[in-house]
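Following: one structure in structure tokens, then a few remarks.
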Amino acid sequence: MLHIKCPHCGMRSQNEFSYGGDATVKRPELNKEVSDQDWDNFVYNRKSLRGKHKELWQHISGCRQWIKIERDTATHEIFKTVKASEDI
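Per our numbering, the sequence shown starts with residue 1329, numbered consecutively.
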């Protein structure tokens, strides 16, 4: 089991969090026309990289805030956690 340090609440069990995806993905701009291919690429066509990775998680059973985590996807080691508005 992972233990995640929420920047708002402190160390918590992973059971309190929900994975929100890759934190490096550029989302399409709001109120702009997006082609079907660009939308498919954003939603479905992503590489599942092994190693150090930046991720979004939401503390659903706590403060409900979104946070960024730098984690190794092979070992699950967590290197850093920050508020969603901060850079890793």
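Positions of the beta carbon are idealized from the N, C-alpha and C atoms, including for glycine.
Burial state of K1396 (16 or more Cβ within 10 Å): Buried is the call here.
For F1345, does the three-state DSSP call read helix, strand or coil? F1345 falls in the coil class under three-state DSSP.
Tell me, to the nearest whole angstrom, how far the beta carbon of S1346 is from that of Q1386; I am working on the premise that it is less than 8 angstroms. Sure, about 5 angstroms apart at Cβ, within 8 angstroms.
Within its chain, find whatever has a CB closer than 6 angstroms to the CB of D1350; leave out the 5 residues flanking it on each side and keep chain order. Excluding residues within five positions, none has a Cβ falling inside 6 angstroms.
Within its chain, find whatever has a CB closer than 7 angstroms to the CB of P1335; leave out the 5 residues flanking it on each side and keep chain order. So the qualifying residues of the chain are I1395, T1409, V1410, K1411.
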